[in-house]
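In what follows, a structure is listed as structure tokens, so that the remarks can point back to it.
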Amino acid sequence: MRLERITIMLMLLATHTSSATDLEQGRALYIHYCGACHDAGAGHPGTMRLGVSRDQAHAVLTARSDLTTDYVMQISRAGNQMMPPFRATEINDAELAELAAYVTQHYKHTQ
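Next up, the structure:
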């Protein structure tokens, strides 16, 4: 059931071009749920961990061009190594889709 919901959300995202408002909502969600661990700079454990396990070019999520919406949503729901999973009771599927769109499109909008 959850996989079906994620698939439907991804299909909707594929046909939807994120507006500036959607990206702002995604940004607010990113700041709330992800920023403490994944923002740029020292003292952010997710960024530091990715810098060691991958490389510095892949350390800051919003500076990456290789992430897909599907990947961000899957990792957010399942967790990854030190990162805890986020349940649908914490962030619903629509909010998660907005957050994932922000992460995957932020790089494009800053180039």
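Going by the numbering used here, the letters in the sequence shown line up with residues -2 to 108, in that order. Backbone N, C-alpha and C define an ideal beta-carbon position, used for all residues, glycine too. This structure is a prediction, so every number in the text was calculated from the model and none was measured.
Under 7 Å between C-beta atoms of residue i and residue j
i, j, result
"T66", "T101", "yes"
"Y99", "Y27", "yes"
"T61", "H55", "Correcting the residue type first, residue 61 is Arg in the shown sequence and not Thr. Yes, the Cβ-Cβ distance between R61 and H55 is below 7 Å."
"P82", "R74", "yes"
"L64", "H35", "no"
Element boundaries [alpha helix (DSSP H), containing residue i]
i, result
"D19", "17 to 30"
"P81", "Segment: none, P81 is in no alpha helix (DSSP H) and carries neither H nor E."
"L47", "42 to 50"
Buried or exposed by the 16-neighbour rule on C-beta atoms within 10 Å, applied to residue i
i, result
"V69", "buried"
"A33", "exposed"
"E95", "buried"
Cβ neighbours of residue i in the same chain (closer than 8 Å, five flanking residues each side left out)
i, result
"G38", "T44"
"I88", "L26, Y30, S73, L96"
Sequence-distant residues of its chain with Cβ nearer than 7 Å to residue i (five each side left out)
i, result
"G23", "E95, L96, A98, Y99"
"L93", "M70, S73"
"H103", "T59"
"D19", "E95, A98"
Contacting residues, own chain, Cβ-Cβ under 6 Å from residue i (five flanking each side not counted)
i, result
"G48", "A56"
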